[in-house]
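> Numbering (the working numbering), first residue to last: 183 to 547.
Have a look at this one.
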């Protein structure tokens with residue numbers, strides 16, 4: 183198949199166009215709802231606190247109640263790992279952005295400002311944890327590339343030094359690293375012809391030229407473009423024996439013209455020169471008068487091995503599954519305790535405490 187710019191770029195914008203991030207498994211969490219309920223109480227008491235006379239009993243009472251509600255709101259979120267196990271990445275993303283806005287709108291130095299700051303930090307940490315988890319269920323390199331580019335675009339628009347910027351950068355780096363691994367696996371076992379790989383390499387090097395200097399996109403395009411030209415040469419060399427001498431003479435002219443047109447010192451120039459020399463070597467290997475090409479072998483599709491399992495991500499977490507007589511509930515965390523706690527919290531949203539506490543717990547990393 184021909185890899186056109188439309189095919190590549192059309193796939194790459196899919197996640198951002200749909201305004202949705204992929205998730206390996208559904209989530210049925212209630213942590214954000216619990217935060218919102220207690221937040222409403224906190225804001226109600228905060229208003230009473232602001233309206234009460236300074237130093238009065240009413241002011242002290244309202245202050246106690248708003249702090250109690252604020253603490254309950256944060257307790258509902260628990261830890262970043264528990265929060266990541268209860269909500270999808272889209273939900274966490276929206277919640278983190280909401281907390282950022284509320285933090286920015288709160289009075290400087292106020293109690294509500296401190297609550298929103300803590301909630302925002304928890305949400306961004308949970309967003310990054312969930313994102314790392316979701317990398318493991320993407321096997322196609324184009325899908326991984328699309329996701330990595332989405333995170334990179336988020337990073338570019340984030341406020342400098344913010345938690346959001348840090349989370350986006352970490353996910354973008356991991357995404358591009360995983361894209362490289364999946365691309366290397368794909369091209370090694372792909373059945374594209376040398377001409378198709380040439381077209382893909384040309385597109386990758388065009389993207390390299392357009393990418394920002396020093397960017398993750400530039401590094402990936404350079405690595406993938408170099409690798410694609412290398413495999414294109416290997417497949418060209420293995421196919422030359424099936425061409426007639428006349429066809430080879432025409433082909434070497436094509437590559438000679440390509441070499442002449444290419445920018446001096448460019449990767450394209452080097453590729454065309456090597457391809458031309460391979461064709462000329464095959465021509466000179468044949469006896470005077472040429473020889474008939476070997477018959478084309480019948481295609482024998484060889485299925486590639488499965489894609490490589492994703493390498494453990496630094497800070498990878500434990501996943502626990504709690505099975506009861508009524509259902510199964512999953513939770514994730516940085517250790518067994520936080521993961522089992524997350525699974526229990528999800529269970530309690532649907533079943534009784536007795537049913538959840540007597541269920542079978544199975545954890546794995």
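From the three backbone atoms N, C-alpha and C, an ideal C-beta is built for every residue, glycine too.
The structure displayed is predicted, hence computed values, not measured ones.
Beta-carbon within less than 7 Å of residue 310's beta-carbon, same chain only, minus the 5 sequence neighbours each way: which residues are those?
Working through the chain shown from its first residue, we reach residue 310 at position 128. 349, 352 and 353.
> So what does DSSP say about residue 454, is it helix, strand or coil?
Numbered from 1 along the chain shown, position 272 holds the residue referred to as residue 454. Reduced to three states, the DSSP call for residue 454 is helix.
> Which residues does DSSP pair with residue 364 in a beta bridge?
Walking along the chain shown from the start, residue 364 turns up at place 182. Its beta-bridge partners do not exist; DSSP assigns none.
> Look at the Cβ atom of residue 370, then the Cβ atom of residue 387, and state whether they are nearer than 9 Å.
On the chain shown, position 188 is the one that residue 370 refers to. On the chain shown, position 205 is the one that residue 387 refers to. No, the Cβ-Cβ distance between residue 370 and residue 387 is not below 9 Å.
> Go ahead and label residue 328 buried or exposed: buried means 16 or more other beta carbons lie within 10 angstroms of its beta carbon, across all protein chains shown.
Here residue 328 is taken as the residue at index 146 of the chain shown, counted from 1. Per the 10 Å Cβ criterion, buried.
> Assign residue 384 to buried or exposed, taking buried as 16 or more other Cβ atoms, counted over all protein chains shown, within 10 Å of its Cβ.
To locate residue 384, count along the chain shown from 1; it is residue 202. With 16 or more Cβ atoms within 10 Å of its Cβ, residue 384 is classed as buried.
> Do the stretch 240-247 and the stretch 271-283 make contact, defined as three or more Cβ pairs closer than 8 Å?
No, the stretch 240-247 does not touch the stretch 271-283.
> Just confirm the distance between the C-beta atoms of residue 458 and residue 434, as a whole number of angstroms; I'd bet it's less than 8 Å.
Translated into positions along the chain shown, residue 458 becomes position 276. Translated into positions along the chain shown, residue 434 becomes position 252. At roughly 6 Å, the Cβ-Cβ gap stays under 8 Å, so residue 458 and residue 434 are in contact.
> If the criterion is Cβ atoms closer than 9 Å, does the pair residue 411 and residue 380 meet it?
Here residue 411 corresponds to residue number 229 of the chain shown, with the count starting at 1. Here residue 380 corresponds to residue number 198 of the chain shown, with the count starting at 1. Result yes, Cβ atoms of residue 411 and residue 380 sit closer than 9 Å.
> To the nearest whole angstrom, what separates the beta carbons of residue 209 and residue 269, a pair I think is in contact under 8 Å?
Taking the chain shown and counting its residues from 1, the one referred to as residue 209 is at position 27. Taking the chain shown and counting its residues from 1, the one referred to as residue 269 is at position 87. Residue 209 to residue 269, Cβ: 5 Å. Contact.
> Mind listing, in chain order, the continuous alpha helix (DSSP H) runs of no fewer than 4 residues lying wholly within the stretch 405-455?
You should have 427-443.
> So, with DSSP's three-state summary, where would you put residue 468?
Residue 468 sits at position 286 when you count from the first residue of the chain shown. Of the three classes helix, strand and coil, the one that applies to residue 468 here is coil, per DSSP.
> Quick check: what's the CA-CA separation for residue 317 versus residue 291?
Along the chain shown, one-based indexing puts residue 317 at 135. Along the chain shown, one-based indexing puts residue 291 at 109. Approximately 38 Å between the Cα atoms of the pair.
> Please name the residue, chosen from 418, 439, 406 and 233, that lies closest to residue 324 on a Cα-to-Cα basis.
Position 142 of the chain shown, counted from the first residue, corresponds to residue 324. Of the listed residues, the one whose Cα sits closest to residue 324 is 406.
> Mapping the DSSP letters down to three states, classify residue 480 as helix, strand or coil.
Position 298 of the chain shown holds residue 480. Any reading at residue 480 must be qualified, since the residue scores a pLDDT of 47, below 50, and its modelled position is unreliable; no value is offered.
> Let me make sure I understand the geometry here. Which of 431, 420 and 368 has the alpha-carbon closest to that of residue 465?
Translated into the one-based positions of the chain shown, residue 465 becomes position 283. Residue 465 has its Cα closest to that of 431, out of 431, 420 and 368.
> Report all residues from its chain with a CB closer than 8 Å to the CB of residue 235; omit the five preceding and five following residues, and keep chain order.
Start at 1 with the first residue of the chain shown, and residue 235 comes out as number 53. Excluding sequence neighbours, residue 235 sits near 241.
> From the DSSP output, read off the bridge partner residues of residue 218.
By one-based count along the chain shown, residue 218 stands at place 36. Answer is none; residue 218 lacks a bridge partner.
> What are the boundary residues of the alpha helix (DSSP H) that includes residue 292?
As a position in the chain shown, residue 292 is number 110, starting the count at 1. Careful: residue 292 lies outside any alpha helix (DSSP H) and carries neither H nor E.
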